[in-house]
Amino acid sequence: MATGEQWVTITAIPMRDLDLLTLTQWLSPAYPVGAFAWSHGLEQAIARGDISGRDGLADWLAAVLTHGAGRSDAILLAEAYRSDDVTEVASLAAALSPSKERRMETLQQGAAFVATTREVWALPLPNMAFPVAVGRAAALADLPLTPVLQVWLQAFASNLVQAAQRLMRLGQTDGQRILAQLHPIILAVAAEAEAASLDDIGSATFAVDTASMQHEAMASRIFRS
């Protein structure tokens with residue numbers, strides 16, 4: 140070891156059974172946040188022909204995770220987890236929404252998550268954007284951050300796959316193939332987010348953002364975003 144260098148020992152913190160059940164309950168499709176009503180601009184993207192077929196959807200979701208809201212929201216979640224006062228993080232999360240519908244998506248899901256979590260776990264949570272609410276709740280419940288980030292991203296991707304199954308010819312098996320294909324990306328984004336700060340937030344998913352802006356003008360639509 141060279142002079143001046145120091146070894147850093149990282150000790151893995153095992154996840155307790157109760158923590159695992161709490162986390163999977165919070166991020167389950169059964170948790171009443173209304174995630175099924177939002178497509179994150181996916182409905183408009185499919186309608187205008189940006190996505191066709193399983194491979195096209197997989198590429199779209201990979202971009203959202205690595206360069207869009209997947210990565211940004213994971214960083215916001217991690218920062219909220221580490222913060223005693225999440226006011227700044229919550230304000231930034233709301234301000235980062237590129238469209239009216241995306242702002243509603245994160246704030247309304249966050250409010251729904253907070254309402255249920257306050258009632259069931261008695262955690263002192265104010266209404267705030269969804270990833271910030273989950274990060275703060277996880278810290279208060281003493282859940283380990285790494286699996287929280289991983290399952291958060293998995294739930295985000297899973298919800299979009301389910302939305303796509305209502306919008307295009309995509310069977311359940313192909314949907315699960317896409318999710319399995321995204322696992323390495325989810326793990327990588329979670330690891331990056333855990334080590335990042337608010338200064339590292341940035342996105343470059345212009346097609347996703349414009350789709351979310353155009354969605355509210357669609358003549359006929361299934362989803363709220």
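Numbering of the sequence shown is given in the numbering used here, commencing with residue 140 and proceeding in unit increments. Yeah, the Cβ is synthetic: ideal placement off N, Cα and C, and Gly gets one too.
Proximal residues to residue i (C-beta, below 6 Å), its chain only, five neighbours per side dropped
i	result
tryptophan 165	none
isoleucine 106	A query on residue 106 cannot be resolved here, the shown segment of the chain reaching from 140 to 364 and no further.
arginine 242	Ser236
tyrosine 253	Here the sequence assigns valine to residue 253, which means tyrosine is not the residue at that position. Excluding positions up to five away in sequence, the list reads Leu264, Asn266, Ala272.
isoleucine 190	Ala184, Leu196, Trp199
valine 172	Gln248, Ala251, Phe252
serine 238	Ser351, Met352
aspartate 158	Leu282
tyrosine 220	Gly274, Ala277, Ala278, Leu284
serine 230	none
glutamate 244	Trp177, Ser364
Anticipated Cβ contact below 8 Å, residue i with residue j, distance rounded
i	j	result
leucine 282	threonine 163	Not really, about 11 Å apart at Cβ, beyond 8 Å.
glycine 249	alanine 277	Not confirmed; about 14 Å, so no contact.
glycine 180	serine 351	4 Å
serine 364	glutamate 240	4 Å
arginine 275	valine 225	5 Å
glycine 207	serine 342	5 Å
leucine 288	glutamate 333	6 Å
proline 168	alanine 176	So it is not a contact: roughly 12 Å between Cβ atoms.
Contacts around residue i, its chain only, beta-carbon distance under 8 Å, and the 5 residues preceding and following it disregarded
i	result
isoleucine 324	Ala201, Leu204, Thr205
arginine 193	Leu309, Asp313, Arg316, Ile317
isoleucine 361	Ser178, Glu182, Arg305, Leu306
leucine 326	Gln289
tyrosine 170	Gln164, Phe252, Thr255
Chain C contact for residue i (CB, 8 Å cutoff)
i	result
alanine 334	In the displayed structure, chain C is absent; only one protein chain is listed.
Beta-carbon proximity list for residue i, same chain, < 7 Å, skipping 5 on both sides
i	result
serine 222	Val228
arginine 246	Going by the sequence as given, residue 246 is leucine instead of arginine. Within the same chain, leucine 246 has close Cβ partners Ala233, Ala268.
alanine 330	none
glycine 209	Val203, Leu292, Phe295, Val328
glutamine 320	Ala197
Any chance the stretch 193 to 203 sits against the stretch 214 to 222, with 3 or more Cβ pairs inside 8 Å?
no
When the Cβ atoms of the stretch 292 to 312 are set against those of the stretch 241 to 259, are three or more pairs found closer than 8 Å?
no
Say whether the stretch 310 to 320 touches the stretch 342 to 358, bearing in mind that this needs 3 or more beta-carbon pairs closer than 8 Å, one atom from each stretch.
no
Quick one: any contact between the stretch 335 to 351 and the stretch 178 to 186, if contact means 3 or more CB pairs under 8 Å?
As far as the Cβ criterion goes, the stretch 335 to 351 touches the stretch 178 to 186, which means the pair count is three or higher.
Stretch-stretch touch, CB-based, cutoff 8 Å, three pairs: the stretch 298 to 306 with the stretch 271 to 290:
no
Whole alpha helix (DSSP H) elements within the stretch 265 to 327, 4-residue minimum:
269 to 279, 284 to 306
For a minimum of 4 consecutive residues, which ranges assigned as the alpha helix (DSSP H) are wholly contained in the stretch 202 to 245?
Within the stretch 202 to 245, the complete alpha helix (DSSP H) runs of at least 4 residues are 208 to 221, 226 to 234.
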